[in-house]
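One structure below.
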Ligand SMILES: [Zn+2]
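Residue numbers (the working numbering): 541 to 649.
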C-alpha cells in the first residue's frame, strides 16, 4: 500500500474507517476469498452473513454491492441455491392448461 502525505511516501500505515481497517482495492479479492470461499474461515455463507463478517474487520468503498455481486457469481453457492419453480416443466404445463371437472350431481345422492 502506498500512502502519500503532502507528497511524501509514508510506509507501514494502516488506515482506519471508523473502527475497521480501510483496505486498498488490491486486497479485496483476498478478503472475499478468505471470508467466503475458505472452508475454515468462510464456509460459503449467504450475503448478509458474509457482509457482516467482512464489515466487522474491513471497509472499502462500495463493499456491500461488491460482496453481493461476488456471492451471486460464486459457483459453489449457485449449485446450492434452490431452483426456481418455473424451471420445472410440469408446473409450467399445469399453469397454462385448463382442466375441466365435471360433477354429476345424481351420483351424490
Ligand atoms: Zn459461495
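By construction, the Cβ of each residue, glycine as well, lies at the ideal position given by its N, Cα and C atoms.
Cβ atoms of residue 574 and residue 583: under 8 Å apart, would you say?
-> no
In three-state DSSP terms, what is residue 563?
-> coil
Take every Cβ of the segment 594-611, pair it with every Cβ of the segment 553-568, and state whether three or more of those distances are shorter than 8 Å.
-> yes
Alpha carbon of residue 547 to alpha carbon of residue 556, nearest angstrom = 20 Å
Hey, could you find the ends of the alpha helix (DSSP H) residue 572 is sitting in?
-> 568-572
Can you give the Cα-Cα distance for residue 604 and residue 549, rounded to whole angstroms?
-> Straight-line Cα distance between these residues: approximately 30 Å.
Through-space distance from residue 608 to residue 619, alpha-carbon basis | 16 Å
The alpha helix (DSSP H) spanning residue 597 covers which residue range?
-> Careful: residue 597 lies outside any alpha helix (DSSP H) and carries neither H nor E.
If we call anything under 8 Å between Cβ atoms a contact, is residue 571 one with residue 594?
-> yes
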